[in-house]
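Have a look at the structure below before the remarks.
In this note's numbering, the protein residues as written are 10 to 244.
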């Protein structure tokens, strides 16, 4: 048990999350989170870095092409030596693939009727997604119950609503994880992934708000009478 004591200290020092959308920003900064993560062993820190790099494209060097990135993801996945950590990482890659397929189909006319010919995701569902590309639920509605709602939101150009559905699906999956030891490395991984999701949502929500403000400002400036309609304000 003494070997796990630093992880007990680490996890007990981290603030909890009430819910994904309860915080405008994560309850602690990345700097402070990284300071807590200094308690990880070198091997566990290396494993966590691999998980974060797999799931967070912003950690890839600028200029990395898609083929290089996908090849590196395969290598990083193979380097994960804890089964539950690897399984969770693959689960989230599956969710990312479904989201990516929906966005490609609804927002890129080149892929509205067929998937990309090149490697476009790493997922156990890739073949099924490609075979059912024109199906409303991509052939996975029975597996991902939120998929139909996300597809409908994208069809209506409600991008923020679609993102919220997708973020919720990952959050719920993370909440379902039950570490055998509440103060294990796996518990740390789950916490960091929750933090990352909350951080990404705070940025997504802020970007959408800024874009909407700019749209309203442009509409106000170009309106003949200098006024923005009630319909525009409520959209």
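Just so you know, even glycine gets a beta-carbon here, dropped at the ideal spot from N, CA and C.
Helix, strand or coil at residue 23 [DSSP, three-state]
coil
Please state the DSSP three-state secondary structure of residue 82.
helix
Kindly indicate which residue of 213, 201 and 212 has the alpha-carbon position closest to the one of residue 26.
201
If I'm right that residue 163 touches residue 115 with Cβ under 8 Å, what's the distance once you round it to whole angstroms?
4 Å
Using only CA atoms, which one of 160, 87 and 128 lies nearest to residue 79?
128
Near residue 207, which residues of its chain fall below 7 Å by C-beta distance, leaving aside the five closest residues on each side in sequence?
26, 29, 32 and 35
Taking 7 Å as the limit between beta carbons, can you name the residues of its chain near residue 186, skipping five residues before and five after?
97 and 199
How would you label residue 22, buried or exposed, when you count the other beta carbons within 10 angstroms and need 16 or more for buried?
exposed
Closest by C-alpha distance to residue 63, when choosing among 45, 87, 50 and 52:
87
If you draw a straight line from the alpha carbon of residue 15 to that of residue 124, how long is it in whole angstroms?
47 Å
Whole angstroms are fine: how far does the CA of residue 112 sit from the CA of residue 130?
13 Å
Cβ-based burial, residue 173 [other Cβ within 10 Å; buried from 16]
buried
For residue 156, does the count of other Cβ atoms within 10 angstroms reach 16, so buried, or fall short, so exposed?
buried
Residue span of the alpha helix (DSSP H) that contains residue 55, given as start and end:
51-64
Below 7 Å CB to CB, which residues in the same chain sit around residue 175 once its five sequence neighbours on both sides are set aside?
108 and 159
Beta-carbon separation (whole angstroms), residue 104 vs residue 178, contact threshold 8 Å:
6 Å
Who are the near neighbours of residue 121 in its chain, counting only those whose CB is closer than 7 Å to its CB and skipping five residues on each side?
114
Status (buried if at least 16 other CB within 10 Å, exposed otherwise) for residue 132:
buried
By Cβ distance, which residues of its chain are closer than 8 Å to residue 140, with the 5 residues on each side in sequence left out?
148
Just confirm the distance between the C-beta atoms of residue 195 and residue 93, as a whole number of angstroms; I'd bet it's less than 8 Å.
5 Å
Use the C-beta contact count for residue 138: other C-beta atoms within 10 angstroms, 16 or more gives buried, fewer gives exposed.
buried
Is residue 100 near residue 151, with beta carbons less than 8 Å apart?
no
Check whether the Cβ atoms of residue 85 and residue 59 lie closer than 8 Å to each other.
yes
Out of curiosity, what's the CA-to-CA distance linking residue 167 and residue 197?
34 Å
Where are the beta strand (DSSP E) runs, 3 residues long or more, that stay fully inside the region 150-192, in chain order?
none
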